[in-house]
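In the working numbering, the protein residues as written are 1 to 149. Glycine included, C-beta positions come from ideal geometry on N, C-alpha and C. Read through the structure below, which is laid out as structure tokens, and then see the notes.
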């Protein structure tokens, strides 16, 4: 039986792109029903090339899957260019994380990563930092405990 082709446009470059290519390759090797073809679709900032996506959508030739940023999902869903995702993955995501792929209570995408790009701490504004020494905790649990003080 021939495999069904799945066209996947991904926005990431660099290490993230290599990691996604490994995931896609492992998926392709793990089964014989689908073959995912990953194509670069990012702009200079590793954001999806939305004009290209919208053009492909309007011409009737969109990708089957596209890597989006969570803040783009609501607008694209309202424009009618995203198809709802059948929720068949169980409870593998925290509700707050799952909501990143939702618009109007409907799932349009599933998260593949979450990160904090930058955390800036102005030590001078913290009570412990005024006139004394303060060290930003290096472990998440320690930082959470500090924030609860």
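- Message: Quick check on DSSP: helix, strand or coil for residue 102?
- Response: strand
- Query: On the three-state DSSP scale, how would you describe residue 79?
  - Reply: coil
- Beta-bridge partners of residue 8, as assigned by DSSP: 38, 65
- Could you tell me which of 111, 104, 86 sits nearest to residue 98, measuring between CA atoms? 111
- Query: Buried or exposed: residue 124, going by 16 or more other Cβ atoms within 10 Å of its Cβ?
  - Reply: exposed
- Distance between residue 106 and residue 52 (C-alpha atoms, nearest Å): Straight-line spacing of the CA atoms in residue 52 and residue 106 works out to 25 Å.
- Tell me whether residue 51 sits in a helix, a strand or coil according to DSSP, three-state version. Per DSSP, reduced to three states, the secondary structure at residue 51 is helical.
- Message: Tell me the rounded alpha-carbon separation between residue 57 and residue 64.
- Response: It is roughly 10 Å from the alpha-carbon of residue 57 to the alpha-carbon of residue 64.
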